[in-house]
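Note sheet for the following structure.
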């Protein structure tokens, strides 16, 4: 994920500035029906500025989920960046995005109630398993 156009990799560049990061965010925000937040990626150069601006655009009922999803994306994005640097691997965004979705689904299934709205299949699986345990 080292960017050939960036002389020094700042945390903001890695998380929201480089083309790779923007593609990941664009695809995920589209899936989660927050595509309007992608516009802020080009106007906010600092990651924290984008995050604080975006949280104000998200309905108050969804903010806890939004913050959790931002942490999830940042965590897996950072792990991918480290794999590129230290393991010399190269995961395309078309592989990272589904991995993030699967991890989010696992978090929802594990009981992150505020995420279940975004991963309805995890809610139904959890309900089925709870019914199975009860019967």
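Residue numbers (full-length UniProt numbering): 1 to 135. C-beta atoms are modelled at their ideal positions from N, C-alpha and C, and glycine is treated no differently.
Distance, residue j Cα to residue i Cα
i: residue 143; j: residue 13; result: The chain is shown from 1 up to 135; residue 143 falls before or after that span and cannot be answered.
i: residue 26; j: residue 103; result: 18 Å
i: residue 114; j: residue 86; result: 34 Å
i: residue 79; j: residue 44; result: 23 Å
i: residue 112; j: residue 106; result: 9 Å
i: residue 40; j: residue 120; result: 27 Å
i: residue 18; j: residue 51; result: 16 Å
i: residue 11; j: residue 42; result: 15 Å
i: residue 81; j: residue 9; result: 11 Å
i: residue 49; j: residue 95; result: 27 Å
Cut-off 8 Å between Cβ atoms - residues of its own chain near residue i, not counting five sequence neighbours on either side
i: residue 66; result: 34, 54, 55, 58
i: residue 32; result: 69, 118
Residues near residue i in its chain [Cβ-Cβ closer than 6 Å; skip 5 each side]
i: residue 92; result: none
i: residue 89; result: 83
i: residue 64; result: 114
Cutoff 7 Å; reference residue i; Cβ partners in own chain excluding five residues on either side
i: residue 15; result: 21, 47, 74, 77
i: residue 37; result: 29, 54, 57
i: residue 110; result: none
i: residue 99; result: 76
i: residue 60; result: none
Option in the options with minimal Cα separation from residue i
i: residue 28; options: 40, 110, 101; result: 101
Supposed close pair residue i, residue j - CB separation, criterion 8 Å
i: residue 24; j: residue 97; result: 6 Å
Could you give the uninterrupted runs of the beta strand (DSSP E) lying entirely in the segment 48-111, keeping only those of 3 residues or more?
-> none
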